[in-house]
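Numbering (the numbering used here), first residue to last: 140 to 281.
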């Protein structure tokens, strides 16, 4: 009487096919994951920026926005948050910013360099009461 099931050779062949497909798909998955982390960072930056503005207006206190150790820090009397940057994104040109008690920020531009898609992203802080926009620039060269 014959028992149903897989033989050792069939199991090794199936595991080999799974390993092969994983090896082929890994670079694409890794790129998509890093791209998602970068997009998530820019969304979280917008949220943190708006929270800092709301906090500045509510508590009538200045908020200092600075950069150190691959983190962006938002510091005021009652508001202390930091936002960690993804490893494939670097802040190349920036200056520390002070958000006034009414939410106003002096105009300036921060440059983010993406090693993922090799582009520069400009964060242009506007005079319109501390708002900003992100623009995709040219190709990044190191």
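Backbone N, C-alpha and C define an ideal beta-carbon position, used for all residues, glycine too.
For the beta strand (DSSP E) containing residue i, name the first residue and the last one.
{"i": "residue 230", "result": "228-232"}
{"i": "residue 277", "result": "271-278"}
{"i": "residue 248", "result": "247-253"}
Assuming residue i is part of the alpha helix (DSSP H), what are its boundary residues?
{"i": "residue 223", "result": "Here residue 223 belongs to no alpha helix (DSSP H); instead the beta strand (DSSP E) covers 219-223."}
Determine the DSSP secondary structure at residue i, reduced to helix, strand or coil.
{"i": "residue 237", "result": "strand"}
{"i": "residue 259", "result": "strand"}
If you measure between the beta carbons of residue i and residue j, is that distance less than 8 Å?
{"i": "residue 158", "j": "residue 195", "result": "no"}
{"i": "residue 235", "j": "residue 216", "result": "no"}
{"i": "residue 238", "j": "residue 192", "result": "yes"}
{"i": "residue 273", "j": "residue 247", "result": "no"}
{"i": "residue 190", "j": "residue 206", "result": "no"}
{"i": "residue 261", "j": "residue 276", "result": "yes"}
{"i": "residue 228", "j": "residue 213", "result": "no"}
{"i": "residue 188", "j": "residue 271", "result": "yes"}
Minimum length 3: unbroken beta strand (DSSP E) runs contained in the segment 169-228: If only uninterrupted beta strand (DSSP E) runs of at least 3 residues are considered, those enclosed by the segment 169-228 are 202-207, 210-214, 219-223.
Inter-stretch contact at 8 Å, needing at least 3 Cβ pairs: the segment 243-257 / the segment 170-179: Segment contact: the segment 243-257 against the segment 170-179, three or more CB-CB distances shorter than 8 Å; contact assigned.
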